[in-house]
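Residue numbers (the numbering used here): 56 to 331.
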C-alpha cells in the first residue's frame, strides 16, 4: 500500500504494512520510492544493502538505485518489479555494484555511474546538478564525495526525498574509505545536504529510512567535528607524527576493540585532512 501524502514532519499519512528490516519484500516508503533489502548483513552493511526502486504514480517502468551485490536471488527479485528503464549507482563499493553486470543482463537497463567501470549500455556519467527525466520521474544528481571519491546522492524532485547511498546511513555513522575517501570533501558534502533544507526524507544505502535529512546531516557534521577535536587533542599528547593505530587506542579506548580496524580507517582519513 502506498502512503497518500507526506506531513510537515516528513511522515506519511498511511502506515506501511512492513517495517525495516524486511528481506525479500518490496517495501513502499514514499509515494515514489520502494526498497528491496538484500540479505547481506554485516559490520559494514548493517542490515544489508538497500536497493531502491523509484516509480512515478501510474507508470509501469521504474528506475533502480544500486542493484546490490552478486546475489542472484536478490537481483531476480529486483528485476521482477520492472520493467527497469534506468539503473543508477551511488558509489563503487561491491555491496552496491557487485551485481551490476548481471542486473543489466537481466533487465536490459542502461547503468549510469560516476565510475566508468560500471556503465552499461551507455557512456553517460552523472554530472553534478543534472536533472534526469525518465519514465515520469525527475531525479536531480547531487555529487557528495567523501565516503568514496565517486559518492553521489539523488534528489527526487517534487517529492523531495534524497537517496544518500553511504554518505548518510539509516543508523550509526559512515566510514570514509581510506583509499579514496576524503574528509574535506565529506564535510562539504554534509553541508550541501544540510543546505537542501528541512522536511526531506533520507533514503539511505543501509539501514532504515529517516524523516528529516537536514537534522541527520547536521548530527553527522557535529559528530565529525567532535571527532576531529579528539584527534587534535590526541596528537597533542602522542606527538604530531602519531600513527592511526596509536590515535585509535587513545580516542576509541571506550569502544569495543573489534571495531578498532574500522575506526583506524576513519582516523587515517582524519589525519590526512589535518596534516594537509
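Glycine included, every Cβ here is placed at the ideal spot set by N, Cα and C.
Excluding the 5 residues preceding and the 5 following residue i in the sequence, name in chain order all residues of the same chain whose CB lies nearer than 7 Å to its CB.
{"i": "residue 95", "result": "103, 104, 124, 126, 150"}
{"i": "residue 312", "result": "none"}
{"i": "residue 272", "result": "223, 245, 248, 249"}
With DSSP as the reference, please indicate the residues paired to residue i in a beta bridge.
{"i": "residue 105", "result": "92"}
{"i": "residue 259", "result": "220"}
{"i": "residue 172", "result": "Note: residue 172 sits in no beta bridge, so no partner."}
{"i": "residue 141", "result": "118"}
{"i": "residue 189", "result": "192"}
Verify whether the separation of the beta carbon atoms of residue i and residue j is less than 9 Å.
{"i": "residue 169", "j": "residue 139", "result": "no"}
{"i": "residue 130", "j": "residue 117", "result": "no"}
{"i": "residue 145", "j": "residue 234", "result": "no"}
{"i": "residue 221", "j": "residue 148", "result": "yes"}
{"i": "residue 171", "j": "residue 163", "result": "no"}
{"i": "residue 331", "j": "residue 262", "result": "no"}
{"i": "residue 326", "j": "residue 286", "result": "yes"}
Within 10 angstroms of the Cβ of residue i, are there 16 or more other Cβ atoms? Answer buried if so, exposed if not.
{"i": "residue 228", "result": "exposed"}
{"i": "residue 217", "result": "buried"}
{"i": "residue 200", "result": "buried"}
{"i": "residue 309", "result": "exposed"}
{"i": "residue 99", "result": "exposed"}
{"i": "residue 183", "result": "exposed"}
{"i": "residue 93", "result": "buried"}
{"i": "residue 202", "result": "buried"}
{"i": "residue 259", "result": "buried"}
{"i": "residue 113", "result": "exposed"}
{"i": "residue 277", "result": "exposed"}
Within the same chain, show all residues whose beta-carbon is closer than 6 Å to that of residue i, passing over the 5 residues directly before and after it, in chain order.
{"i": "residue 159", "result": "166, 175"}
{"i": "residue 64", "result": "Low per-residue confidence applies at residue 64: pLDDT is 41, beneath 50, and the placement is therefore not dependable enough to give any value."}
{"i": "residue 204", "result": "235"}
{"i": "residue 322", "result": "299, 302, 303"}
Excluding the 5 residues preceding and the 5 following residue i in the sequence, name in chain order all residues of the same chain whose CB lies nearer than 8 Å to its CB.
{"i": "residue 304", "result": "315"}
Determine, using beta carbons only, whether residue i comes closer than 9 Å to chain D.
{"i": "residue 80", "result": "Protein chains in the displayed structure number just one, and chain D is not present."}
- Item | Cβ contact (3+ pairs, closer than 8 Å) linking the region 247 to 255 and the region 289 to 296 | No, because fewer than three Cβ pairs between the region 247 to 255 and the region 289 to 296 fall closer than 8 Å, the two stretches do not touch.
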